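Inspection log for the structure reproduced underneath, given as structure tokens.
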Amino acid sequence: MDYLYFPGCTLYTKAKNFDQTARDCSLLLGFQLKELPNWTCCGATFPLATDNIMALLPPSRILARAREEGTTLTTLCSVCFNVIKRTNRLIRNDGDKRDTINNFMETNYQGDLRVLHYLEILKQDVGFPRIQEKMKKPLTGLKAAPYYGCMLLRPFEEMEFDDKEKPTLFEGFLEAMGAEAIDFPYKIECCGSFQSVGSPEVATECGYKILGSAVKNGAEVVVSTCPLCTFNIDHKQADIKQKYLDFKPIPVLYFTQLLGIAMGLDYQTLGFGQNFVDPLPLLKGKGFI
Amino acid sequence: MKIELTREKVHNEFAKKVELISGQNLFACYQCGNCTAGCPVAFAMEVGPHEVIRYTLLGLEEEALAVNTFWLCASCLQCTSRCPKGIDIARVMDALRMVILRKKDRKDHIHVSEFQEGFLEKVPQIAFISGFRKFLS
Amino acid sequence: MKENGTFIKRAMVIGGGIAGISASIDIGNAGYDVILVEKLPSIGGKMLQLSETFPTLDCAQCTLTPKTVETGQHPHIRLLTHSEVEGVEGKAGDFTVKIRRKAAYVDWGKCTGCGLCQEKCPSKKPSEFERGMGTGKAIYTLSPQAVPNKPVINPSECRYFLEKKCRVCEKVCPVGAIDYEQEDRFIEEKVGAIIAAVGFDLMPMETFGEYGYGAIPDVIDGLAFERINSASGPTTGQIRRPSDGKVPKEVVFIQCTGSRDPERYMPYCSRVCCMYTAKHARLYKHKVHDGQVYIFYMDIRSTGKGYEEFIQQGMEEEGILYLRGRVSRIFRDGEKVAVWGVDTLTGKKVEVSADMVVLATAIIPQGEAKGLAQKLRIHVDDYGFFTEAERKLRPVETDREGIYIAGCAQGPKDIADAVAHANASASKVQALFAKH
Amino acid sequence: MKRLGVFICHCGVNIAGTVDVKSVAEKTGRVEDVAHSADYIYMCSEPGQQIIREAIRERGLEGVVVACCSPSMHENTFRKAVKSEGMNPYLCEIANIREQCSWVHQKEKTKATEKAEEIILATLEKVRENEKLEAISVSINRSAGVIGGGIAGMTAALDLAEGGYEVLLIEKEQALGGHMTQLSKTFPDLHPALPDLLAKAREIERHPKIDLHCYSEMEDVKGYVGNFELTIRKKATSVDWGRCNGCGLCIRDCPVEYVSPFERGLGVRKAIDLLYPGSVPQKPVIRRDHCRYFHDGSCRKCEEVCPEKAIRFDQQDERIGKKVGAIVVATGFELYPTEQLGEYGYGEIPDVIDGLALERMFSVDGPTQGRIIRPSDGTVPKEIVFIQCVASRDPDRYMPYCSRICCMYTAKQAKIYKEQVPDGQPYIFYMDIRADAKGYEEFLQKTIEEKGLLYLRGRVSRVFQDDGKVRILGVDTLTGKMVEVAADMVVLATAIVPSQGVKDLASKLRATVDRHGFLTEAHIKLYPVESSTKGIYLAGCGQSPKDISDTVSQASATASKIQALLSTDQLLQDPLIAFVDENICSGCGICVEVCPYEAREMNSRRGISVVHSALCQGCGACIAACPNFACELRNSSSVQTLRMLETFV
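As given, the protein sequences belong to chains H, Y, B and C, one line each in that order.
Numbering-wise (numbering that gives the first Met the number 0), the first sequence opens with residue 0 and increments by one.
Numbering-wise (numbering that gives the first Met the number 0), the second sequence opens with residue 0 and increments by one.
Numbering-wise (numbering that gives the first Met the number 0), the third sequence opens with residue 0 and increments by one.
Numbering-wise (numbering that gives the first Met the number 0), the fourth sequence opens with residue 0 and increments by one.
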């Protein structure tokens, strides 16, 4: 079974390791991420101003093109997932906005595409037991804290991804790989998102609260699903260290990197170089590499 | 510290514009403060979201637009998901940004030219795209 | 039973809480026969679980016990406890009600209420009456002062029913009243009028994701706090938190949990929480003088007689801190419970690291209220509260002649209003009987 | 020597938390004539009473002392328990070791334990001398009297009449309905108030079992539960209601107009007029203080024009006596007079009115035919300010309690206002919005959202006239800003206070009122509709402020209690009353004057004083006054009292 795949701008460049590990793991799990031909930018955040039709065009263009290629579209980055899924739902429900968009883009998209996040594919279509079968190196003894962030979960009625206060999908994925999923209260709190551009010190504070809480609850590694969150809680650890002297940095991995380790991929291809804190000492210590 | 309330003040143009852009009815807000209580960046805000909504309702345009509240809002929708009256607070914050960014004299909240050296290379593009959408006119 | 022609002058009251009891006593005192049907093994309803009542801080036992005893001994009132209404046919003056008398596995005829079986029973289960805090036995009465003082075996907790072992209660019973083979029995009663007083329930804490889905041990609801504060409760009245039994020094009370929340839970106000929370806060301060109480509220609703003065006294004399704002989220933070609230009067976000949190959860109709309404063929509103004939001038009647409603089954109200409401429904029954 | 029993209650921790109950039980057990002593966590419960009953049966007890809470709580519970074992109930006495010992000495546990022991020993002294007594049965009058013809009195009267009892309904005004007749619409469904009310009033007027007396007041009451004798003063209406057919010619031609209190100063009435158009009964009354005939005899217009010759200028007040078994007090409420509110202009600012005045404006048959206008210049107000908690929740200066219904009627009035004046702006200054009953919160939030009512959380410190407008100095505590409004009109939600004359009515009925004048109920939670005086019942705002549906519930509740009381034709009275020792009584008569219940008369034939057993309440005034100790109280003789005191000394 092949899936139309929308990588998104950052996964092409600064988060290449995230994209590459996903493609490799998919092959191991028996399905292929078929990149959507000539895709364009997803428009980043879903426009909250009701009269901002123009901002809906980028995601609509992607949906229309994907619909020509197939019936389901998947993405890895939670920001792309959020804006494409919400636009898809808006086009399905809001008749006159659908007509305006279709007239402008001369397309006839009715919103009937199935938009899935990669984790949803692993759970619903592939199934966690399949991962356990194919797994080469179970991550027993690894205390991993899943960090959901905001874009996957909210708005709750539109994303229909998981429970809005106590999500468990990510925990199931980690436990399927034998790791011990660490629950921590900040797993659904915001990382500061694009504030790292406008007010970097606020993003630092958010990053610190999230990592601090994960460490306090016994996490050895934090697992994320979005390059922007990862930047705010991983790369910002330098700024956090300056402000909070007693802070001990902790490795932050994409969930596909962890999947890659479990599937026994050669760790050179998992792109640990791009992670701010090098996870190798921890992974070697646990005997996963 | 003092406001003079009149009919025009209450149904003022500013509040109507914010209601139009956000599509929300500000009169529905019964000032329970759940949004401010749950906001992850409220610690850095001069006034909480519930209070800037109150300013808007009372027609205090200058004061409402002078605070940093909606510039710090990261649209994480924690407030919207918990509002007992079903008001989409994130949309109201966006609307307040739009009121400034769409003003005739259109001044940006951030200036790309002032970024330090190497900043553009460090930060992932998503941050810039969503950031610029929220901060640039 | 005065019966002339076909009109049967006997009333049935469904629900043995304070409303059902008040209505039954009034109809009984007027000389008519009453059948009081109660789902639980004994009467008293939620009031049994209360420690003290506002605004006078009378202990609930002392004010309720004379009423339950009077109902138990009343010549005109027949108690059908541990029973449920299965079906209702007929019209005013000639209702035929089918009642399921649930198997108690104890022959109440023989049983003298000596209590030996309860002492010797080995099983320990979290007692529902104690809101899961105290432990109860498989064979139990709701409280030592239960009326009728007859025990009941809970098959899902009893070793004999689960593993065919034990039978201790049978061995130790001096009058051989234990009967494991007892079956549910069905009886029919003919009555002339019916009062539905099935009371209320509290919205389960599992509903609230933002407050931990009921999984945080030191987050309890109002009734649980009543049990902690009650002399006959699991902690014999000492305020101790459920997780480690320590005396909590920082206690947060959260109002409107599930109430006044049209978007996510119930849009209506549950009316009594402001008062019982203020009472809880004051009772807590009476027992833990150096403790600090925080109450997160939106509007304090103390409208009854002496209520406003009760709340102001609580603020002035016991230093109870009222914070106007909702709590967005609470989560376990090591030993403590982190509370993210706000004080809209200063506009500041407020974070409290509390030892214990008490949620004033919304009042919702009894679980089977909607089913009973179908059986009685009367209307309910969207939440399951019975709909009265006319909101202002006929608050106790329904659209069907001969069927009346009383107490919280019609809508949340405090004990004083429930008693007055129940007496009003009794008055309507007496008027109906007098007319025929 | 009688065999006695002592039973001590823990009352949960209320007693056991302070008094060492076990040691007291053990010590009192050692007294020689105490055959049995026991303690239990809740003596008043079924198992508790079981302990007492078994002890009486097994130990053959002839006297019982129960040490527990106040006798007013459980005296008859325990007397019924001992009676079921055949023991005379009056040989069972209560030793109050809760209110009189443990609750007041919580800090001195050892001394409290000693005191509890002494209280029990003293009560034992009393029981030793107690005689066996039988309750006195008294025949009762199976009818009820209802004072007050508002919605509360009407509901109680109708329920009692439907229950088959004779009802005497007394109303001070000339027509039924009370304040509800002044309302335009009721919250939350905005039904018009008058139609249903007038239907009920007509039902009362026609009901064979209801004896209706409007424009009458209760002047005096004698007797006791079951046998009350009411004296009613029927004020002179100067119109023969029997002959008057309600044609209205007299009203049309009457030259005198005066500002009507019913219209709250916004409308007028003629000197001879109805209470309001369509009132029930539809009968006019001449207001003598306004009528020219009574002023200087210069006008007889109404008499000349009346086709039925029904005018009676010479009519005098009439007094009639009625016997009833029980009385419902449904005297209703007044609003706190705006004249006494200095900070809101002492009632002198024309555009500052109270809630009832606005109701009159909104009423279609009101002075402005339902249109809201500024009293000063008749224009439509565009800026209207509603101020909540005026004189309520104000312990320091006015009333400390909450008047309960103002939040709801203010929201209703604001909604009606917005429907009439779509571009008008209502501001509501409040502290807490109290919309707690069924459907109230939903009505409130929906109205605020749809009508755009601006709720400002904060009190108004001052209102004053400022060039044609009314300036409001208020605050919005949610933004912490002072708020000023130049309003066209201000509506004050003033506090609900008891009607005039309730204090002396209560003293005549020997019912108690609290310091504000609201009638006190026997127990706030469990006997909310009964007064502490037997046979007197309370309904409506006379007991405390409440809305119409709670009033109707309470009124029906009193009807239920009365039907229970009057269902038997015999009533049992306590035998603990005074008696006279004939050989000592010298017939001096001092006791007759001193008795507050007129229960003592001189028997002229035998020259000694006699006790009227049904009237005597056992207060003991005559015993204290009797110069030669000729009379005693049953089971509380002087000997007993002295013996009890010795145990304490």
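Built from N, CA and C at the ideal position, the CB exists for glycine as well.
All values derive from a computational prediction rather than experimental measurement.
Continuous beta strand (DSSP E) stretch holding residue 38 of chain C: start and end: Taking the fourth sequence and counting its residues from 1, one reaches residue 38 of chain C at position 39. Counting along the chain, the beta strand (DSSP E) containing residue 38 of chain C begins and ends at 33-39.
With hydrogens ignored, establish whether the beta-carbon of residue 124 of chain C is closer than 8 Å to any heavy atom of the ligand MN. No copy of the ligand MN occurs in the structure displayed, which carries no ligand at all.
Three-pair Cβ contact test at 8 Å for the segment 5-18 of chain Y versus the segment 71-90 of chain Y: no
Nearest to residue 268 of chain B by CA position, among B:390, B:411 and B:112, is which residue? Translated into the one-based positions of the third sequence, residue 268 of chain B becomes position 269. Each of B:390, B:411 and B:112 was checked against the Cα of residue 268 of chain B, and the nearest Cα belongs to B:411.
For the segment 525-553 of chain C, enumerate the residues whose C-beta is nearer than 9 Å to any C-beta of chain Y, in chain order. none
May I ask which residues mark the beginning and end of the alpha helix (DSSP H) holding residue 306 of chain B? What you label residue 306 of chain B is simply residue 307 of the third sequence in a count that begins at 1. Residue 306 of chain B -> alpha helix (DSSP H) spans 306-317.
Mind checking if residue 261 of chain B is an interface residue toward chain Y, Cβ cutoff 9 Å exclusive? The residue labelled residue 261 of chain B in the question sits at position 262 within the third sequence. Judged by the 9 Å Cβ criterion, residue 261 of chain B is in contact with chain Y.
Mind pulling the beta strand (DSSP E) runs of 3 or more residues that sit fully within the segment 191-236 of chain C? 209-212, 215-223 and 226-233
How many Å lie between residue 0 of chain B and residue 12 of chain B at the Cα? By one-based count along the third sequence, residue 0 of chain B stands at place 1. By one-based count along the third sequence, residue 12 of chain B stands at place 13. Any reading at residue 0 of chain B must be qualified, since the residue scores a pLDDT of 46, below 50, and its modelled position is unreliable; the value itself is stated next. Here the alpha carbon of residue 0 of chain B sits roughly 16 Å from the alpha carbon of residue 12 of chain B.
Given this structure, state the Cα-to-Cα distance separating residue 62 of chain H from residue 369 of chain C, to the nearest angstrom. The residue given as residue 62 of chain H occupies position 63 in the first sequence. The residue given as residue 369 of chain C occupies position 370 in the fourth sequence. Rounded to whole angstroms, residue 62 of chain H to residue 369 of chain C spans 59 Å at the Cα level.
According to DSSP, simplified to helix, strand and coil, what is residue 230 of chain B? Walking along the third sequence from the start, residue 230 of chain B turns up at place 231. Coil.
At least three beta-carbon pairs within less than 8 Å, the segment 149-163 of chain C to the segment 272-284 of chain C: no
Environment of residue 313 of chain C [buried if 16+ CB atoms lie within 10 Å]: Within the fourth sequence, numbered from 1, the residue matching residue 313 of chain C stands at position 314. With fewer than 16 other Cβ atoms within 10 Å, it is exposed.
Contacts of residue 30 of chain B in chain C (Cβ-Cβ under 8 Å): One-based indexing of the third sequence puts residue 30 of chain B at position 31. When 8 Å is used as the limit between beta carbons, residue 30 of chain B is near these residues of chain C: 566 and 567, in chain order.
Between residue 164 of chain H and chain B, is there a C-beta pair that is closer than 9 Å? Counting from 1 along the first sequence, the entry for residue 164 of chain H is found at position 165. Closer than 9 Å: yes.
For the segment 347-385 of chain B, which segments carrying the alpha helix (DSSP H) assignment without a break, of at least 4 residues, lie completely within its bounds, in sequence order? 368-375
Under the three-state DSSP convention, the category residue 292 of chain C falls into: Counted from its first residue, the fourth sequence places residue 292 of chain C at position 293. The answer is helix: DSSP assigns residue 292 of chain C an H, G or I state.
For the candidate residues C:562, C:631 and C:169, whose alpha-carbon lies nearest to that of residue 590 of chain C? Taking the first residue of the fourth sequence as 1, we reach residue 590 of chain C at position 591. Among C:562, C:631 and C:169, the Cα nearest to that of residue 590 of chain C is on C:631.
According to DSSP, is residue 0 of chain B part of a helix, a strand, or is it coil? Taking the first residue of the third sequence as 1, we reach residue 0 of chain B at position 1. Model confidence at residue 0 of chain B stands at a pLDDT of 46, short of 50, so the residue's coordinates are unreliable and nothing is read from them.
Residue-level contact to chain C via CB, residue 408 of chain B, 9 Å cutoff: The residue labelled residue 408 of chain B in the question sits at position 409 within the third sequence. Judged by the 9 Å Cβ criterion, residue 408 of chain B is not in contact with chain C.
Within the 9 Å Cβ cut-off, does residue 349 of chain B reach chain Y? Here residue 349 of chain B is taken as the residue at index 350 of the third sequence, counted from 1. Yes, contact with chain Y.
Contacts of residue 46 of chain Y in chain A (Cβ-Cβ under 7 Å): Looking for chain A here will not work: the only protein chains present are H, Y, B and C.
Verify the CB distance criterion: does residue 1 of chain B have a CB-CB separation below 9 Å to chain H? The residue labelled residue 1 of chain B in the question sits at position 2 within the third sequence. Confidence at residue 1 of chain B is low in this model, with a pLDDT of 46, below 50, so its placement is unreliable and the value that follows should be read with caution. No - not a single Cβ of chain H is within 9 Å of the one on residue 1 of chain B.
Would residue 161 of chain C pass as an interface residue toward chain B - the criterion being a Cβ-Cβ separation below 9 Å? Along the fourth sequence, read from residue 1 onward, the residue named residue 161 of chain C stands at position 162. Chain B, which has a Cβ nearer than 9 Å to the Cβ of residue 161 of chain C, makes this yes.
Residues bridged to residue 631 of chain C by DSSP? Locating residue 631 of chain C in the fourth sequence gives position 632, where the first residue counts as 1. For residue 631 of chain C, which the question treats as bridged, DSSP gives the partners C:578.
Helix, strand or coil at residue 8 of chain Y [DSSP, three-state]: As a working note, residue 8 of chain Y is residue 9 in the second sequence. Here residue 8 of chain Y sits in helix by DSSP.
Please report the Cβ distance between residue 571 of chain C and residue 136 of chain C, rounded to the nearest whole angstrom; I am assuming they are in contact, meaning their Cβ atoms lie under 8 Å. Reading the fourth sequence from its first residue, position 572 is the one you call residue 571 of chain C. Reading the fourth sequence from its first residue, position 137 is the one you call residue 136 of chain C. Confirmed, Cβ separation roughly 6 Å.
Selected residue, minimal CA-CA separation from residue 269 of chain H, among H:233, H:259 and H:117: Residue numbering aside, residue 269 of chain H sits at position 270 when the first sequence is read from its first letter. Per the Cα distances, H:259.
Leaving out the 5 sequence neighbours to the left and right, which residues in its chain are closer than 8 Å to residue 316 of chain C when beta-carbon positions are compared? As a working mapping, residue 316 of chain C is identified with position 317 in the fourth sequence. The residues are 232, 233, 234 and 235.
I think residue 385 of chain B touches residue 195 of chain B, with their Cβ atoms under 8 Å apart; what is that distance to the nearest whole Å? In the third sequence, counting from the first residue as 1, residue 385 of chain B sits at position 386. In the third sequence, counting from the first residue as 1, residue 195 of chain B sits at position 196. Residue 385 of chain B to residue 195 of chain B, Cβ: 6 Å. Contact.
Taking only the alpha-carbon atoms, compute the straight-line gap between residue 117 of chain B and residue 424 of chain B and give it to the nearest angstrom. By one-based count along the third sequence, residue 117 of chain B stands at place 118. By one-based count along the third sequence, residue 424 of chain B stands at place 425. One alpha carbon belongs to residue 117 of chain B, the other to residue 424 of chain B, and they sit about 38 Å apart.
Quick one: list the residues of chain Y neighbouring residue 481 of chain C, beta-carbon separation under 9 Å, in chain order. One-based indexing of the fourth sequence puts residue 481 of chain C at position 482. The answer, in chain order, is 0, 1 and 2.
From the DSSP output, in three-state form, read off residue 100 of chain C for me. Mapped onto the fourth sequence, residue 100 of chain C falls at position 101. In this structure, residue 100 of chain C counts as helix in the three-state DSSP scheme.
Residue 264 of chain B touches chain H at which residues, Cβ-Cβ below 9 Å? Reading the third sequence from its first residue, position 265 is the one you call residue 264 of chain B. Ordered by position in chain H, no residue passes the 9 Å Cβ test against residue 264 of chain B, which lies about 13 Å from the chain.
In three-state terms, what does DSSP make of residue 267 of chain B? For the purposes of this step, residue 267 of chain B is taken as residue 268 along the third sequence, with counting starting at 1. Residue 267 of chain B falls in the coil class under three-state DSSP.
Short-range partners of chain Y found in the segment 230-249 of chain H, where Cβ spacing is below 9 Å: 230, 231 and 234
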